[in-house]
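Taking the UniProt record's numbering, the leading residue of the sequence shown gets 1, the next gets one more, and so forth. Even glycine gets a Cβ: it sits at the ideal position worked out from N, Cα and C. Reading through the structure tokens given below for one structure.
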Amino acid sequence: MSIINKTLNIPHGLGFQMMQSCPSIPHTVTLSDSRFQPKVHVSPSKKESLQHHDLLVCHVTDFYPGNIEVRWFLNGQEETAGIVATDLIHNGDWTFQIMVMLEMTPKQGDVYTCHVEHPSLNSPVTVEWSELPP
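Below, the structure written as structure tokens:
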């Protein structure tokens, strides 16, 4: 039985190795050690059903591999209540995205921080958001 090794070029430079031992046996596909750093964006999103409450959205995009940790902090203290996250979303180009939302009541002086940890990063990425004075 012969084994054929193939390298495929796919978007963002991720390398695949495909080993095919027999046409009747499914391909074994493994990803290389490629890693792509997440892009992090924080923005408020008004939730109309809650008066005086907002959702703060941490949108993390274009990362690979898919294992990621996203946490919210308020004035340096980790928030654990009022957090909702989407499932991990496949972008179709072998990268991922996720949205992690925090229900909050913004007050002047409060600083919210989205904290992201990922294997591609040497240190966490943090993005701050604060309510601007009127």
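{"Check": "Run of the beta strand (DSSP E) containing Ile-83, from where it starts to where it stops", "Outcome": "83-85"}
{"Check": "The region 68-76 in contact with the region 115-133 per 3-pair CB rule at 8 Å", "Outcome": "yes"}
{"Check": "CA nearest to the CA of Pro-124, picked from Val-60, Thr-86, Asp-87", "Outcome": "Val-60"}
{"Check": "Those runs of the beta strand (DSSP E) which lie wholly inside the UniProt domain \"Ig-like\" (38-126) and span at least 3 residues", "Outcome": "39-46, 54-63, 69-74, 77-79, 83-85, 96-104, 111-117"}
{"Check": "Euclidean distance between Cα positions of His-93 and Lys-39", "Outcome": "Note that residue 93 is Asp in the sequence shown, not His. Each residue's alpha carbon lies about 15 Å from the other."}
{"Check": "Local conformation of Ser-21 per DSSP, three classes", "Outcome": "In this predicted model, Ser-21 has a pLDDT of only 44, less than 50, meaning its place in the structure is not dependable enough to derive any value."}
{"Check": "DSSP-derived helix/strand/coil call for Glu-131", "Outcome": "coil"}
{"Check": "Residue closest to His-90, alpha-carbon to alpha-carbon, out of Ser-130, Met-99, Ile-83", "Outcome": "Met-99"}
{"Check": "Spatial distance of Leu-121 from Thr-105 (CA atoms)", "Outcome": "31 Å"}
{"Check": "Pairwise C-alpha distance: Asp-110 and Pro-62", "Outcome": "Looking at the sequence itself, residue 62 is Asp, so the reference to Pro does not match. Each residue's Cα considered, the two are about 29 Å apart."}
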